[in-house]
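Trainee: The opening residue of the sequence shown carries number 8 in my numbering; numbering runs sequentially from there. Positions of the beta carbon are idealized from the N, C-alpha and C atoms, including for glycine.
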Amino acid sequence: MKKGTVYLIGSGPGDPELISLKGWRLLQTCDVVFYDNLVSDEIVVALPAGQEKHYVGKRDGKHIIPQDEINELLVKSANEGKNVARLKGSDPLVFGRGGEEAKYLRKHGIDFEIIPGITAGVGAPAYVGIPCTDREKASFVIFVTGHKAKDKAVSTVPWEWIAKAENGTIIIYMGVSEIETIATRLINFGMSPDKPSAVIERGTLPSQRYFSAALKDLPAVVKKHHVRSPSIFVIGEVVDLQPCLSWVKQRPLLGKRVIVTRSPDQARDMYQSLRELGAEVLPYPSITTSDYHDDDAWQRFAAISNSNRWLVFTSENGVRYFMQQLMDKFGDLRCLAGYRIAAVGGATAEAIANWHIRVDFVPKEATATAFARELISSHDLKGSVLVRVRGGLAGDTVELMATDAGAEVLPITVYDTDLCKWPEGFKEKLFVYPPDAAIFTSGSTFKGVLENLTREEAHELFASVPIFSIGPSTTKMIASEGFEVAVESRIHTIPAMIDDLVTYFEKKENPGR
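This is the structure we're talking about:
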């Protein structure tokens, strides 16, 4: 059997858009991915659905799989003929143990490639406006780890030499727990206690935090603001350039961490809209949808000759899967001629309009019951045919009420909905850096969250995280589980929900306005 290749890929310091094109391309083609804790969640959820994925990061500060075992897993997978992505935060060779893994692979005859990533020591300072070098202030840069190896009794970092290195920049990784010791050593070895210094927490993410101080005051600043890992420390005159070079603009949702529970393939526009407003997207996909072909129903659909016929959509997914199957089977939108089109909710109506099809009926209230009631009261359905496009989990309210009104109902199930498990390592992150809001676009997405959390965990999370609902049906489902919705969108679309999010935080942060 031909052995696979292992790709040591750096994903960058946090912002998912900083991964290289080559790294992203290889991730789409590898058979198995081993990923770390600091890899962006957006990257992980966007990996191909059928790909084998393993979380090998830290949990509660400890590796859930020892490094020796990770090395063995890489070799084992490659020996099985699989192409392997070893996905790391930042850069694999800068304090990333990628060198150790590469040596182990070479020793065991496994081909590998190294795909660099933007290291946090460069990316994090850049995102707050600090250059690592400057012609006037720093002609060299030193990368150093503040965390000594477990098998070392003392740090092997030459702090005395570093303290005397003038006209340069010192970048310290993994130094939060040791910063007081590090600052004391540098000052004792001759560095000015007033040397400009800074710390950047969660660099390159919208929720990043930045604090500057004289070196002697830096440990107190870290303690005062409860700075946590991952953080980067910068010591040097380049810190003074930050006020001039700061470029991150103040935006309505800057730094807000928002849970999005839709599947990634449906949520791309939402991700982008939230990012443009400054939010950090927390992708927690809780449902997955897949094609379902009801051939018998499609044959009955093709045979409909009744001139009084309706085509009813109650979700965006229904529109997407129905239109895909329609084009596969008939290849021509003219087969819908003569149908009146009805949609539940603005988002569903927009999805239909994207096919350049005019929607004839949208109820004032976006629930199945309200839809059926309004349609029946405003149109005579007696003797009509109503084609109800649905998913596998949809209720039968529309069918029952339309049948009672005298319509012949043809349900066509075009997709299945399944609740899905979050990728390994995701749940723990929710309770390390708490989110600021959670968006739910259907009752099933909330059910999916409850599948991933215990009841106690869910109540702990949503006691402080406001829930945003797209409409009455979603709100009703959430309430039935014993949870309170903070905001229900009056216009039942994704853009309206995002507007509601902005308004909510504006009022919260400016209560007098």
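(1) Tell me, to the nearest whole angstrom, how far the beta carbon of T374 is from that of S480; I am working on the premise that it is less than 8 Å.
(2) Going by DSSP in three states, R142 sits in which element: helix, strand or coil?
(3) Could you tell me which uninterrupted alpha helix (DSSP H) segments, each at least 4 residues in length, are contained entirely in the segment 341–424, listed from first to last along the chain?
(4) Taking just the CA atoms, how far does W317 sit from I521?
(5) Alpha helix (DSSP H) containing P473: first to last residue?
(6) Near K531, what residues of its chain come up, given a Cβ to Cβ distance below 7 Å and the 5 sequence neighbours on each side ignored?
(7) Return the residue from the list K65, L100, W31 and I505 that minimises the CA-CA distance to Y276.
(8) What is the rounded straight-line gap between the Cα of P213 and the Cα of A354?
(9) I'd like the span of the beta strand (DSSP E) that includes F320, first residue to last.
(10) Count the other CB atoms within 10 Å of the CB of H232; is the residue buried (16 or more) or exposed (fewer)?
(11) Mind checking whether K29 and A85 have CB atoms under 8 Å apart?
(12) If you measure between the beta carbons of G103 and K114, is that distance less than 8 Å?
(13) Going residue by residue through the segment 231–274, where are the continuous beta strand (DSSP E) segments of at least 3 residues, counting only ones entirely within it?
(14) Do V234 and I137 have their CB atoms nearer than 8 Å?
(15) Give the range of the alpha helix (DSSP H) segment to which F512 is assigned.
(16) Where are the alpha helix (DSSP H) runs, 4 residues long or more, that stay fully inside the segment 54–108, in chain order?
(17) Is it buried or exposed, W168, if we count other Cβ atoms within 10 angstroms and call 16 or more buried?
(18) Can you list, in chain order, the residues of its chain with a C-beta nearer than 6 Å to that of V101? Leave out the 5 residues immediately preceding and following it.
(19) Taking the alpha-carbon positions, what's the S297 to G19 distance?
(20) Suppose the cutoff is 7 Å on Cβ atoms and the five residues either side in sequence are ignored; what does the same chain contact list for I177 look like?
(21) With the cut-off set at 8 Å, would you say L281 and V255 are in Cβ contact?
(22) DSSP has R216 in a bridge; who is on the other side?
(23) Can the beta-carbon of V229 be found less than 8 Å from the beta-carbon of I189?
(24) Tell me, please, which residues DSSP counts as bridged to V151.
(25) Would you mind sorting V439 into buried or exposed? The rule is 16 or more other CB atoms within 10 Å of its CB.
(26) Can you find the residues in the same chain that come closer than 8 Å, C-beta to C-beta, to T140, ignoring five residues on each side of it along the sequence?
(27) When the Cα of E372 is compared with those of V183, T482 and C251, which residue comes out closest?
(28) Where does the unbroken beta strand (DSSP E) through D298 begin, and where does it stop?
(29) Looking at the secondary structure, which residues open and close the alpha helix (DSSP H) in which I189 lies?
(30) So if DSSP puts V288 in a beta bridge, which residue, or which two residues, is it bridged to?
(31) So for Y42, helix, strand or coil by DSSP?
(32) Could you tell me whether the Cβ atoms of V2 and P473 are closer together than 8 Å?
(33) Whole angstroms are fine: how far does the CA of Y291 sit from the CA of L426?
(34) Just confirm the distance between the C-beta atoms of I477 and T448, as a whole number of angstroms; I'd bet it's less than 8 Å.
(35) So what's E49 in DSSP terms, helix, strand or just coil?
(36) Based on DSSP bridge pairs, tell me the residues matched to G19.
Mentor: Per the coordinate set shown:
(1) For T374 against S480, the beta-carbon gap comes to about 5 Å, under 8 Å, which counts as contact.
(2) Here DSSP, grouped into helix, strand and coil, assigns R142 to coil.
(3) Counting only runs of 4 or more, we get 353–360, 375–385 and 404–411.
(4) Shown here, the chain extends from 8 to 520; a query on residue 521 therefore has no answer.
(5) Neither: P473 is in no alpha helix (DSSP H) and is coded neither H nor E.
(6) Limits of the chain in this structure are 8 at one end and 520 at the other, which puts residue 531 out of reach.
(7) Before going on, a small fix: residue 276 reads as Asp here, not Tyr. With respect to the C-alpha of D276, the residue from K65, L100, W31 and I505 having the closest C-alpha is I505.
(8) The straight-line gap from Cα to Cα measures roughly 28 Å.
(9) Taken as a continuous stretch (DSSP letters only), the beta strand (DSSP E) holding F320 covers R316 to F320.
(10) Looking at its Cβ environment, which holds fewer than 16 other Cβ atoms inside 10 Å, H232 is exposed.
(11) Against a cut-off of 8 Å, the Cβ pair of A85 and K29 comes out as no contact.
(12) Not a contact, by the Cβ cut-off of 8 Å.
(13) Listed in chain order, they are 238–242 and 264–267.
(14) Not in contact: V234 and I137 (Cβ atoms no closer than 8 Å).
(15) I501 to E516 is the span of the alpha helix (DSSP H), which, as asked, contains F512.
(16) Entirely contained in the segment 54–108, the alpha helix (DSSP H) runs reaching 4 residues are, in chain order, 74–86.
(17) For W168, the number of other beta carbons within 10 angstroms of its own is below 16, and it is reported as exposed.
(18) Sequence-distant Cβ neighbours of V101 in its own chain, meaning closer than 6 Å and more than five residues away, are T126.
(19) Computed Cα separation, rounded: 32 Å.
(20) So the list reads I149, V151, I169, I242 and G243, once near-sequence residues are dropped.
(21) Their beta carbons are not under 8 Å apart, which means L281 does not touch V255 by this criterion.
(22) For R216, which the question treats as bridged, DSSP gives the partners E208.
(23) Not in contact: V229 and I189 (Cβ atoms no closer than 8 Å).
(24) BP columns for V151 point to I179.
(25) Under this definition V439 is an exposed residue.
(26) Apart from the 5 residues on each side of it in sequence, T140 sits with its Cβ closer than 8 Å to the Cβ of S146, F147, V148, T176 and V245 in its chain, given in chain order.
(27) Distances from the CA of E372 to each of V183, T482 and C251 were compared; the closest alpha carbon is that of T482.
(28) Under the DSSP assignment, D298 falls in the beta strand (DSSP E) whose first and last residues are I294 to D298.
(29) I189: member of the alpha helix (DSSP H) spanning I186 to N195, first to last residue.
(30) V265.
(31) Reduced to three states, the DSSP call for Y42 is strand.
(32) Summary: the structure shown does not reach residue 2, with the chain confined to residues 8 through 520, and so no result is reported for it.
(33) Rounded to the nearest angstrom, the two C-alpha atoms are 12 Å apart.
(34) Cβ atoms of I477 and T448 come within 8 Å of each other, at about 5 Å.
(35) Correct three-state label for E49: helix.
(36) Paired residues: S97.
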